[in-house]
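Participant:
There are 2 protein chains.
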Amino acid sequence: MARPHRAVLTAEIIADAALTLIDSGEPFGVNALARALGVKPPSLYNHVQGLEAIIELVRGRLADRYLVELPADAPWDVTVESTIRAERLMYTSHPHVVPLIATSTVTDQQAINAYDTTASALVDAGFPDSEVLVLVQLLDAFALGSGLDYAAPDAVWRPEGKTRNLGRLLELEPRGKVRSDQAFEIGLAMLLTALRARLEEHLRA
Amino acid sequence: MARPHRAVLTAEIIADAALTLIDSGEPFGVNALARALGVKPPSLYNHVQGLEAIIELVRGRLADRYLVELPADAPWDVTVESTIRAERLMYTSHPHVVPLIATSTVTDQQAINAYDTTASALVDAGFPDSEVLVLVQLLDAFALGSGLDYAAPDAVWRPEGKTRNLGRLLELEPRGKVRSDQAFEIGLAMLLTALRARLEEHLRA
DNA sequence: ACCTGAACACCGTTCAAGT
DNA sequence: ACCTGAACACCGTTCAAGT
Numbered sequence: 087m088a089r090p091h092r093a094v095l096t097a098e099i100i101a102d103a104a105l106t107l108i109d110s111g112e113p114f115g116v117n118a119l120a121r122a123l124g125v126k127p128p129s130l131y132n133h134v135q136g137l138e139a140i141i142e143l144v145r146g147r148l149a150d151r152y153l154v155e156l157p158a159d160a161p162w163d164v165t166v167e168s169t170i171r172a173e174r175l176m177y178t179s180h181p182h183v184v185p186l187i188a189t190s191t192v193t194d195q196q197a198i199n200a201y202d203t204t205a206s207a208l209v210d211a212g213f214p215d216s217e218v219l220v221l222v223q224l225l226d227a228f229a230l231g232s233g234l235d236y237a238a239p240d241a242v243w244r245p246e247g248k249t250r251n252l253g254r255l256l257e258l259e260p261r262g263k264v265r266s267d268q269a270f271e272i273g274l275a276m277l278l279t280a281l282r283a284r285l286e287e288h289l290r291a
Numbered sequence: 087m088a089r090p091h092r093a094v095l096t097a098e099i100i101a102d103a104a105l106t107l108i109d110s111g112e113p114f115g116v117n118a119l120a121r122a123l124g125v126k127p128p129s130l131y132n133h134v135q136g137l138e139a140i141i142e143l144v145r146g147r148l149a150d151r152y153l154v155e156l157p158a159d160a161p162w163d164v165t166v167e168s169t170i171r172a173e174r175l176m177y178t179s180h181p182h183v184v185p186l187i188a189t190s191t192v193t194d195q196q197a198i199n200a201y202d203t204t205a206s207a208l209v210d211a212g213f214p215d216s217e218v219l220v221l222v223q224l225l226d227a228f229a230l231g232s233g234l235d236y237a238a239p240d241a242v243w244r245p246e247g248k249t250r251n252l253g254r255l256l257e258l259e260p261r262g263k264v265r266s267d268q269a270f271e272i273g274l275a276m277l278l279t280a281l282r283a284r285l286e287e288h289l290r291a
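Here it is as structure tokens:
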């Protein structure tokens, strides 16, 4: 059998299977994905351009589900907070995706929309143009770093010798994902405070 | 010739060659590194445990050079600022290293020391134990994200459709590494402000 | 002690051949 | 139109053989 009467593959089917495989924690790649789909690796190239394109499809799939459209008339800090929380929920729900998308360029429309929404909220609030992308990037780095931390909460640092405080702090309760959650809340509160203070300065000047 | 009279390989030689190869931007791996060293891939395994160990050696090499010991009696915010600036200089000087070390566990002694120094500065300043690791992590994520941004400053987002503000902001001058530098300065100033404000709250309570 | 050759189980991608 | 087989140029790692 070379070609079934009804197509067994589409970009959507590939994206879904990719997300499932990534979430499983098993090694991810074109060959492994083809195996999971019961198909030979070259077949995928009839529907997607290659590994990077598949990863971008996965990003799009997640963005569609998690980065929903926000009300345009909400206060800027509500928009910012909602977006970061949605982004972090996306990452913590699919932690194995984080390392794959962390270093690639974002082209997916819904993901771009989410960043555009945050950028627009900051522009409308009164932040100067020259700062907005920086702030969007800072917030994104925080959400992403927080996602990486959630995926491997106690594995970021492994001191092998004596330390003044780091080793002791790593032993403190709570551990793991609970600590990662608390870390996220503290970091988010700090960033929002800093943003509000900075906006004050701009509006006063 | 199976074994030369004088060893051609040591862990240091491998680490240096690895850094040089990574910095060149060419594909990095055990095989490519062996080729660069004029040696067969299995030879490396007499000196290092594998690819991950080589990457950790590179981290150590950079930490030795950039994350120098700081005076223990400096004000906490000077320590924090110096460490972040040193870390960012390390990443911007070796941008291709960033994606390789971003997702791996830190075990190198000098790198651990740097984090321990920051943690201790925050503890001594009066931040509660429960927050210190979070803050160290937030600062680290910022430095790392800033390094990633410097490596590919205009490639983080590529909108293909229309956007309210994102596309316009991406076109603004300055571009590239200059913007990345400005972004770093703004982000750093914001984080230090937020840290000082948070410490105030803790000391007042 | 340490480098090599051979081997293993993988990768991502291209392309002509098949239906 | 779309799946396959064969092929290519790679990976990282193990291990017996060589000096």
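Going down the list, the protein sequences come from chains A and Y.
Residues are numbered in this note's numbering as their position in the first sequence, beginning at 1, plus a constant of 86.
Residues are numbered in this note's numbering as their position in the second sequence, beginning at 1, plus a constant of 86.
All residues carry an ideal CB built from backbone N, CA and C; glycine is no exception.
Since the structure is predicted, the reported quantities are computational estimates derived from the model, not experimental observations.
1. So, are the CB atoms of residue 47(A) and residue 149(A) less than 8 Å apart?
2. Looking only at its chain, what residues have a beta carbon closer than 8 Å to the beta carbon of residue 156(Y), apart from the 5 residues adjacent to it on each side?
3. If we call anything under 8 Å between Cβ atoms a contact, is residue 269(A) one with residue 264(Y)?
4. What are the residues in the region 229 to 251 of chain A lying within 8 Å of chain Y by C-beta distance?
5. Hey, would you say residue 143(A) sits closer than 8 Å to residue 154(A), going by beta carbons?
6. Whole angstroms is fine: what's the gap from residue 104(Y)'s alpha carbon to residue 140(Y)'s?
7. When you compare the CB positions of residue 226(Y) and residue 258(A), do they come within less than 8 Å of one another, or not?
8. As an exercise, report each continuous alpha helix (DSSP H) stretch of at least 4 residues that is fully enclosed by the region 126 to 199 of chain Y, in chain order.
9. Applying the criterion that 16 or more other CB atoms from any shown protein chain within 10 Å of the CB defines a buried residue, is residue 289(A) buried or exposed?
10. Could you compute how far the alpha carbon of residue 276(A) sits from the alpha carbon of residue 222(A)?
11. Tell me which residues of the region 189 to 200 of chain Y have at least one Cβ-Cβ distance to chain A shorter than 7 Å, keeping chain order.
12. Spatial neighbours of residue 116(Y) within its chain, please: CB distance less than 8 Å, with the 5 preceding and 5 following residues excluded, ordered by chain position.
13. In chain Y, what lies closer than 7 Å to residue 276(A) by C-beta?
14. Starting from residue 283(Y), trace the alpha helix (DSSP H) in both directions and tell me its first and last residue.
15. Between the alpha carbons of residue 241(A) and residue 191(Y), how many angstroms are there, rounded?
16. Which full runs of the alpha helix (DSSP H) of 4+ residues lie inside the region 218 to 261 of chain Y, going along the chain?
17. Which chain A residues are close to residue 212(Y), counting only those with a beta carbon under 7 Å from its beta carbon?
18. In this structure, how does DSSP classify residue 95(A) when only helix, strand and coil are distinguished?
19. Please list, in chain order, all residues of the same chain as residue 201(A) whose beta carbon is under 8 Å from its beta carbon, the five residues on each side excluded.
20. Using alpha carbons as the reference points, say which of 281(A), 273(A), 272(A) and 267(A) lies closest to residue 272(Y).
21. Is residue 186(Y) closer than 8 Å to residue 108(Y) when the C-beta atoms are compared?
22. With 8 Å set as the bound, which would you pick, yes or no: does the beta-carbon of residue 135(Y) sit closer than that to a beta-carbon of chain A?
23. If the criterion is Cβ atoms closer than 8 Å, does the pair residue 97(A) and residue 279(Y) meet it?
24. Just to confirm before moving on: does the CB-CB distance between residue 206(Y) and residue 236(Y) stay below 8 Å?
25. Using a Cβ-Cβ cut-off of less than 9 Å, list which residues of the region 158 to 179 of chain Y approach chain A; keep chain order.
26. Relative to the C-alpha of residue 176(A), which candidate in 151(A), 262(A), 188(A) and 125(A) has its C-alpha closest?
27. Just the Cα atoms here: how many angstroms apart are residue 132(A) and residue 118(A)?
28. What is the rounded straight-line gap between the Cα of residue 249(Y) and the Cα of residue 173(Y)?
29. So, are the CB atoms of residue 184(A) and residue 224(A) less than 8 Å apart?
30. Between the region 106 to 124 of chain Y and chain A, which residues of the former have CB atoms less than 7 Å from a CB of the latter, in chain order?
31. Which term fits residue 291(Y), buried or exposed, when burial requires 16 or more other beta carbons within 10 angstroms of its beta carbon?
32. Does the distance from the C-beta atom of residue 274(Y) to that of residue 218(A) stay below 8 Å?
33. Taking 8 Å as the CB-CB limit, is residue 217(Y) close to chain A?
34. Using a Cβ cut-off of 8 Å, which residues of the region 262 to 273 of chain Y contact any Cβ in chain A, in chain order?
Facilitator: By the coordinates alone:
1. Not covered by the structure: residue 47(A). The range shown for chain A is 87 to 291.
2. In the second sequence, residue 156(Y) corresponds to position 70, counting from 1. 165, 168, 169 and 203.
3. Taking the first sequence and counting its residues from 1, the one referred to as residue 269(A) is at position 183. Taking the second sequence and counting its residues from 1, the one referred to as residue 264(Y) is at position 178. Against a cut-off of 8 Å, the Cβ pair of residue 264(Y) and residue 269(A) comes out as no contact.
4. 230, 231, 232, 234, 235, 238, 241, 242, 243, 244, 245, 246, 247, 249, 250 and 251
5. Sequence index remark: in the first sequence, residue 143(A) carries index 57 (1-based). Sequence index remark: in the first sequence, residue 154(A) carries index 68 (1-based). No, Cβ-Cβ distance for residue 143(A) and residue 154(A) is not below 8 Å.
6. Within the second sequence, the letter at position 18 stands for residue 104(Y). Within the second sequence, the letter at position 54 stands for residue 140(Y). Residue 104(Y) and residue 140(Y): Cα-Cα distance of roughly 8 Å.
7. The residue given as residue 226(Y) occupies position 140 in the second sequence. The residue given as residue 258(A) occupies position 172 in the first sequence. Not in contact: residue 226(Y) and residue 258(A) (Cβ atoms no closer than 8 Å).
8. 127 to 130, 137 to 152, 162 to 179 and 184 to 187
9. The residue given as residue 289(A) occupies position 203 in the first sequence. Label assigned to residue 289(A): exposed.
10. Locating residue 276(A) in the first sequence gives position 190, where the first residue counts as 1. Locating residue 222(A) in the first sequence gives position 136, where the first residue counts as 1. Their backbone Cα atoms lie some 15 Å apart in a straight line.
11. Taking 7 Å as the Cβ-Cβ cut-off against chain A, the residues of the region 189 to 200 of chain Y that qualify are 189, 191, 192, 193, 195 and 198.
12. On the second sequence, position 30 is the one that residue 116(Y) refers to. So the qualifying residues of the chain are 127, 130, 136, 137 and 140.
13. Taking the first residue of the first sequence as 1, we reach residue 276(A) at position 190. In chain order: 280 and 284.
14. For the purposes of this step, residue 283(Y) is taken as residue 197 along the second sequence, with counting starting at 1. First-last of the alpha helix (DSSP H) with residue 283(Y): 262 to 290.
15. By 1-based counting over the first sequence, the position of residue 241(A) is 155. By 1-based counting over the second sequence, the position of residue 191(Y) is 105. About 6 Å.
16. 252 to 257
17. Position 126 of the second sequence, counting from 1, holds the residue named residue 212(Y). Ordered by position in chain A, no residue passes the 7 Å Cβ test against residue 212(Y), which lies about 13 Å from the chain.
18. Translated into the one-based positions of the first sequence, residue 95(A) becomes position 9. Three-state DSSP puts residue 95(A) in coil, outside helix and strand.
19. The residue given as residue 201(A) occupies position 115 in the first sequence. Correct list, in chain order: 192, 222 and 226.
20. The residue you call residue 272(Y) lines up with position 186 of the second sequence. The option with the nearest alpha carbon to residue 272(Y) is 281(A).
21. Start at 1 with the first residue of the second sequence, and residue 108(Y) comes out as number 22. Start at 1 with the first residue of the second sequence, and residue 186(Y) comes out as number 100. In contact: residue 108(Y) and residue 186(Y) (Cβ atoms closer than 8 Å).
22. Translated into the one-based positions of the second sequence, residue 135(Y) becomes position 49. Output row for residue 135(Y): interface = no.
23. For this step, residue 97(A) is matched to residue 11 along the first sequence. For this step, residue 279(Y) is matched to residue 193 along the second sequence. No, the pair does not count as a contact, with Cβ atoms beyond the cut-off.
24. Locating residue 206(Y) in the second sequence gives position 120, counting from the first residue. Locating residue 236(Y) in the second sequence gives position 150, counting from the first residue. Not a contact, by the Cβ cut-off of 8 Å.
25. none
26. By one-based count along the first sequence, residue 176(A) stands at place 90. Comparing Cα positions, the closest option is 151(A).
27. Residue 132(A) sits at position 46 when you count from the first residue of the first sequence. Residue 118(A) sits at position 32 when you count from the first residue of the first sequence. Near 17 Å, if we compare the C-alpha coordinates of residue 118(A) and residue 132(A).
28. Residue mapping note: residue 249(Y) aligns to position 163 of the second sequence, counting from 1. Residue mapping note: residue 173(Y) aligns to position 87 of the second sequence, counting from 1. Answer to the nearest angstrom: the Cα atoms are 34 Å apart.
29. Position 98 of the first sequence holds residue 184(A). Position 138 of the first sequence holds residue 224(A). No; because the gap between Cβ atoms is not below 8 Å, this pair is not in contact.
30. Cβ contacts with chain A: none found.
31. Here the question's residue 291(Y) lines up with position 205 in the second sequence. With fewer than 16 other Cβ atoms within 10 Å, it is exposed.
32. As a working note, residue 274(Y) is residue 188 in the second sequence. As a working note, residue 218(A) is residue 132 in the first sequence. It is not a contact, given that the beta carbons lie outside the stated cut-off.
33. Position 131 of the second sequence holds residue 217(Y). Yes, residue 217(Y) lies at the interface with chain A (some Cβ there is under 8 Å from its Cβ).
34. 265, 268, 269, 272 and 273
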